[in-house]
Amino acid sequence: MSLVTLAMAGGFALILIGLYGALNNRNILRIIIAFTLANTGVHLVLVAVGYMPGRTAPILDAAVPVDQANALIIDPVPQALVLTAIVIGLGVTALMLAYALRLFASRHTLDISKFTELKW
Amino acid sequence: MMLDLFIDLSLFTMLVATGIAIVKMRRLFGVTMMAGVFSLLSAMLLVTLDAVDVAFTEAAVGAGISTVLMLSTLTLTSRIEKKPVHTPWIPLLVVTVTGAAIIYGTLDMPHFGDANAPAQVGVAAQYMERGPEDMDIPNVVTYILASYRGYDTMGETAVVFTAGVGVLMLISGLRRRRRKHPKDEGEVG
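Note that the protein sequences, when read in sequence, are chains A and B.
This note's numbering numbers the first residue of the first sequence as 308 and each following residue consecutively.
This note's numbering numbers the first residue of the second sequence as 162 and each following residue consecutively.
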């Protein structure tokens, strides 16, 4: 079992755990935390896609000459994308938490089954 | 080699166990703290995956700022949570179907870690060839993020700005409402 397989399996497992947590919990704060869980799972999977065994981190120095960089370092593009995704995830989490605060102010509860306006 | 595998395996076991604990625990304060632990563990994992830049962003953003935000939300709301009374069969069914779809989707993917996979031979090779001439920064991720993928980063800044404006609007409305409330009660009393 290699590290990439482990990272892929772990990432997918976290996505599913997060989905289950978001569907099964009734507390809005816990639903938000479950979303961040699934988010981290996606990040792990994306980074694992760019990982290649036997290569090193994407930093050019004495150990990684520029002309051989392509054969010595792992794929840097997924890492750059995940960096963007982490910061956007923080923005989304902050917005969800602010909504949770507003909902709590209107009903004095975070139980999502008490918010029934959009139910049919 | 054995030690590497042992470290990776134990980190992954701890990460998944923390995830299950977050979903299963009942006390909200504990759940929030476990979310911080979870972020730190995933940052350690990203280091073993050679993604150092991603790892320290995750440690700063996930374990730092997110935990602070969640704790402050927790102090402003209630910590009590009722036990769910319904059966978890529908969520379990949805999760099973999604898991099956994910596994089906990975079947025709290239072999994990394959250096000749289409994703690895495309644009990344060009970035690595041209980068040192174009801007002479040793960290490849940094120059991709700031230059070749600069528009992505600009879009990210726009998204974060919009989220910040949204949070400010929601919170400021809250404050006005709270200031109004005691007065209303005073008039009634």
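From the three backbone atoms N, C-alpha and C, an ideal C-beta is built for every residue, glycine too.
No experiment lies behind these values; they were computed from the predicted model shown.
For a cutoff of 8 Å on Cβ pairs, would you count residue i as touching chain B?
i               : result
R414 of chain A : no
L425 of chain A : no
A369 of chain A : no
V349 of chain A : no
F411 of chain A : yes
F319 of chain A : yes
I340 of chain A : yes
I431 of chain A : With chain A covering 308 to 427 only, the question about residue 431 of chain A has no answer from this structure.
I419 of chain A : no
Can you tell me whether residue i is buried or exposed? The criterion is at least 16 other CB atoms within 10 Å of its CB, across all chains shown.
i               : result
D374 of chain A : exposed
E317 of chain B : buried
H350 of chain A : buried
Q386 of chain A : buried
V349 of chain B : Annotation note: pLDDT 42 at V349 of chain B (below 50); position unreliable, no value reported.
V302 of chain B : buried
D345 of chain B : Its pLDDT being 48, under 50, D345 of chain B is placed unreliably in this model, and the value from its coordinates should be taken loosely. D345 of chain B is exposed by the Cβ-count criterion.
V389 of chain A : buried
L397 of chain A : buried
V229 of chain B : exposed
S203 of chain B : buried
P383 of chain A : buried
V222 of chain B : buried
G347 of chain B : Bear in mind that a pLDDT of 44 at G347 of chain B, under 50, signals an unreliable position, so the model cannot answer this.
N277 of chain B : exposed
P365 of chain A : buried
M359 of chain A : buried
Q287 of chain B : exposed
E219 of chain B : buried
Using a Cβ-Cβ distance cut-off of 8 Å, determine whether residue i contacts chain A.
i               : result
V258 of chain B : no
D269 of chain B : no
N300 of chain B : yes
R310 of chain B : yes
L331 of chain B : yes
V349 of chain B : With a pLDDT of only 42 at V349 of chain B, under 50, the local geometry of the prediction cannot be trusted, and the value read off the model is given with reservation. For V349 of chain B, the answer is no, since every Cβ of chain A falls outside 8 Å of its Cβ.
L201 of chain B : no
L164 of chain B : no
G223 of chain B : yes
T234 of chain B : yes
V177 of chain B : yes
I173 of chain B : Note that residue 173 of chain B is Phe in the sequence shown here, rather than Ile. Interface residue, yes.
T314 of chain B : yes
Shorter than 7 Å, the distance from the beta carbon of residue i to the closest heavy atom of the ligand ATP, or not?
i               : result
V326 of chain B : Although the ligand ATP was asked about, the structure shown includes no ligands whatsoever.
Assuming residue i is part of the alpha helix (DSSP H), what are its boundary residues?
i               : result
F422 of chain A : Counting along the chain, F422 of chain A falls outside any alpha helix (DSSP H), and DSSP gives it neither H nor E.
R414 of chain A : 383-414
S233 of chain B : 228-237
Q287 of chain B : 284-295
V215 of chain B : 213-219
M205 of chain B : 189-209
S171 of chain B : 163-185
By DSSP's criteria, residue i is part of a beta bridge. Which residues make up the other side?
i               : result
N300 of chain B : A:I366
N334 of chain A : A:D418
N380 of chain A : Before going further, note that residue 380 of chain A is Ile rather than Asn in the sequence given. Answer is A:T363.
Could you give the uninterrupted runs of the alpha helix (DSSP H) lying entirely in the region 252-280 of chain B, keeping only those of 4 residues or more? none
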